[in-house]
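Worksheet: one structure, shown below.
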Amino acid sequence: MTAGVTAAHPMTTGMKPISAFKRITLKIGSALLVDPATGLKSAWLAAMAADIAMLRRAGADVLVVSSGAIALGRTVLELGRGPLRLEQSQAAAAAGQILLARAWDEALSAHALKTGQVLLTLGDTEERRRYLNARATIGTLLKLGAVPIINENDTVATSEIRYGDNDRLAARVATMMGGDLLILLSDIDGLYAAPPASDPDARHIPFVNAITPEIEAMAGGAASIYSRGGMRTKIDAGKIATLAGTAMLIANGKADGPVSAVMNGARATFFAPAEKPERAYKTWIAGHLEPQGRLTLDEGAVAALLSGKSLLPAGVRKVEGRFERGDTVAILDSSGREIARGLAAYDSGDAETIAGHRTQDIPKLIGYAARSAMVHRDDLVVSLAKPDIPA
Numbered sequence: 073m074t075a076g077v078t079a080a081h082p083m084t085t086g087m088k089p090i091s092a093f094k095r096i097t098l099k100i101g102s103a104l105l106v107d108p109a110t111g112l113k114s115a116w117l118a119a120m121a122a123d124i125a126m127l128r129r130a131g132a133d134v135l136v137v138s139s140g141a142i143a144l145g146r147t148v149l150e151l152g153r154g155p156l157r158l159e160q161s162q163a164a165a166a167a168g169q170i171l172l173a174r175a176w177d178e179a180l181s182a183h184a185l186k187t188g189q190v191l192l193t194l195g196d197t198e199e200r201r202r203y204l205n206a207r208a209t210i211g212t213l214l215k216l217g218a219v220p221i222i223n224e225n226d227t228v229a230t231s232e233i234r235y236g237d238n239d240r241l242a243a244r245v246a247t248m249m250g251g252d253l254l255i256l257l258s259d260i261d262g263l264y265a266a267p268p269a270s271d272p273d274a275r276h277i278p279f280v281n282a283i284t285p286e287i288e289a290m291a292g293g294a295a296s297i298y299s300r301g302g303m304r305t306k307i308d309a310g311k312i313a314t315l316a317g318t319a320m321l322i323a324n325g326k327a328d329g330p331v332s333a334v335m336n337g338a339r340a341t342f343f344a345p346a347e348k349p350e351r352a353y354k355t356w357i358a359g360h361l362e363p364q365g366r367l368t369l370d371e372g373a374v375a376a377l378l379s380g381k382s383l384l385p386a387g388v389r390k391v392e393g394r395f396e397r398g399d400t401v402a403i404l405d406s407s408g409r410e411i412a413r414g415l416a417a418y419d420s421g422d423a424e425t426i427a428g429h430r431t432q433d434i435p436k437l438i439g440y441a442a443r444s445a446m447v448h449r450d451d452l453v454v455s456l457a458k459p460d461i462p463a
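All residue numbers for the sequence shown refer to our numbering, where the first residue is 73 and numbers rise by one.
Printed below as a string of structure tokens:
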């Protein structure tokens with residue numbers, strides 16, 4: 073048996089029911105949504121919306137990372153099925169994104185669900201300032217009961233657009249939002265020991281404990297013109313997700329109601345999350361980033377921080393250094409001892425203005441309603457002293 077692989081069905085190897093997960097990110101491939109000859113697959117989308125409504129009734133937050141804008145746009149603009157130049161891809165995305173957002177809104181509104189469109193690039197989830205903005209926007213949509221419909225912002229891409237990038241984007245969105253399950257719906261029912269297109273007898277892998285080099289070697293090429301990323305980007309997505317503590321499921325989305333189908337026993341591959349998911353992220357904050365500033369706290373704020381709370385402006389007595397929102401700051405007690413590091417939710421100018429003030433005073437002090445925390449607990453690691461962590 074290959075390392076990291078279990079032969080039994082995922083439902084019998086430790087995977088809890090899909091309905092038990094609390095924040096689920098669904099990635100929808102273009103080939104599932106769009107027929108190159110007829111356009112949008114309305115019946116499939118209606119069934120997918122019913123699945124999402126089912127998950128919401130079970131108590132889960134649901135985020136949708138939906139491909140399909142370029143595929144829809146090239147149909148509307150009559151661009152054919154051949155390769156597109158970059159500017160043609162961007163034009164197709166511009167035309168198709170309107171149709172894609174409207175289609176999702178109509179499908180979900182049939183179940184009394186609200187939607188919100190979010191266009192991202194990988195840079196929005198990698199650059200800390202933009203990451204914090206994106207997370208706050210999507211988080212607010214979820215709090216307001218909406219289903220975020222997320223897609224790559226292909227209209228402003230500066231390099232060749234590859235639809236498979238939405239696998240990785242979905243993984244980054246899932247981990248950014250603290251999701252516990254990522255479902256990649258595509259035109260294949262999971263991972264195989266060899267590419268099934270070239271080896272019809274290839275063994276299906278139902279459960280992966282860890283993504284090892286052997287697992288990575290199983291990744292093959294693309295299965296259709298609308299899924300150019302293939303299994304390789306799905307394994308890349310799995311590495312992003314599982315290392316951050318998010319489980320991942322690869323399932324065939326061709327049938328109507330694909331999530332319901334997996335819940336009823338349809339074949340899929342489940343990737344288990346890492347046992348210690350926060351370690352890499354917390355280590356990165358604590359030791360691999362040079363602090364751009366320092367925040368000195370009063371005793372009450374120190375106690376709150378050590379009990380797992382976010383750092384509120386009221387407990388900050390001193391702000392030092394020049395930093396921007398998303399930069400790393402060292403957090404000190406009144407004696408100058410470093411007790412934590414975190415990512416600042418404000419730039420240094422605004423931090424100085426609101427330090428020592430109550431949260432409700434922030435809007436009148438800086439002129440706009442912003443975040444309640446100076447450093448959110450999700451972006452903070454308590455160290456009590458500067459950690460001795462190897463680079």
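Cβ atoms here follow ideal geometry from the backbone N, Cα and C, with glycine treated the same way.
| Asked | Found |
| --- | --- |
| Between the Cα of Asn324 and the Cα atoms of Tyr203, Leu415 and Gly337, which residue gives the shortest distance? | Gly337 |
| How is the beta strand (DSSP E) around Val148 delimited, first residue to last? | Note, Val148: premise wrong, no beta strand (DSSP E); alpha helix (DSSP H) at Ala141 to Val148. |
| What are the complete beta strand (DSSP E) segments, minimum 3 residues, inside the segment 300-326? | 319-324 |
| Have a look at Met446, Pro363 and Ile170 and flag the residue whose alpha-carbon is nearest the alpha-carbon of Ser139. | Ile170 |
| Go ahead and pull the three-state DSSP assignment for Thr187. | strand |
| Comparing C-alpha positions only, which one of Met126, Pro108, Arg129 and Gly131 sits nearest to Ile142? | Pro108 |
| Drop a sphere of 10 angstroms on the beta-carbon of Ser406, count the other beta-carbons inside from all chains shown, and report buried for 16 or more, exposed for fewer. | exposed |
| Tell me which same chain residues have a C-beta within less than 8 Å of the C-beta of Gly145, skipping the five on either side of it? | Leu151, Ala163, Ala164, Ala165, Ala166, Ala167, Gly168, Gln169 and Leu171 |
| Pairs of beta-carbons, one from the segment 200-216 and one from the segment 258-268, closer than 8 Å: are there three or more? | no |
| For Ser270, count neighbouring C-beta atoms within 10 Å of its own C-beta (all shown protein chains included) and say buried if the count is 16 or more, exposed if not. | exposed |
| With a 10 Å radius around its C-beta and 16 neighbouring C-beta atoms as the bar for buried, classify Ala375 as buried or exposed. | exposed |
| In this structure, how does DSSP classify Ala373 when only helix, strand and coil are distinguished? | helix |
| Report the partner residues of Lys215 according to the DSSP bridge assignment. | Paired residues: none, contrary to the question. |
| By the DSSP assignment, the alpha helix (DSSP H) with Ile90 in it spans what residues? | Segment: none, Ile90 is in no alpha helix (DSSP H) and carries neither H nor E. |
| Starting from Ile124, trace the alpha helix (DSSP H) in both directions and tell me its first and last residue. | Ser114 to Arg129 |
| Give me the Cβ distance between Val388 and Ala412, rounded to the nearest whole Å; I'm assuming they're in contact under 8 Å. | Contact flag wrong, Cβ pair sits at about 13 Å. |
| When burial is assigned at 16 or more other CB atoms within 10 Å of the CB, is Ala92 buried or exposed? | exposed |
| Where Arg38 and Gln160 are concerned, what is the direct C-alpha to C-alpha distance, given to the nearest angstrom? | The first residue shown for the chain is 73 and the last is 463, placing residue 38 beyond what the model contains. |
| Using 10 angstroms around the beta-carbon of Gly439, count the other beta-carbons present and answer buried if the total reaches 16, otherwise exposed. | exposed |
| Out of curiosity, what's the CA-to-CA distance linking Gly302 and Asp239? | 9 Å |
| Distance check for Asp273 and Leu194, CA to CA, integer angstroms please. | 36 Å |
| Out of curiosity, what's the CA-to-CA distance linking Arg449 and Ala316? | 16 Å |
| Alpha carbon to alpha carbon, how far is Phe343 from Ala416? | 33 Å |
| Counting C-beta neighbours from all protein chains within 10 Å, is the total for Ala441 16 or more, i.e. buried, or is it exposed? | exposed |
| From the DSSP output, read off the bridge partner residues of Ala402. | Arg366 and Arg413 |
| Which value, in whole angstroms, describes the spacing of the CA atoms of Glu371 and Gly262? | 52 Å |
| Going by DSSP, what residue range makes up the alpha helix (DSSP H) through Ala36? | No statement about residue 36 is possible, as the shown extent of the chain runs from 73 to 463 and does not include it. |
| Spatial neighbours of Tyr264 within its chain, please: CB distance less than 7 Å, with the 5 preceding and 5 following residues excluded, ordered by chain position. | Ala274, Arg275, His276, Ile277 and Met290 |
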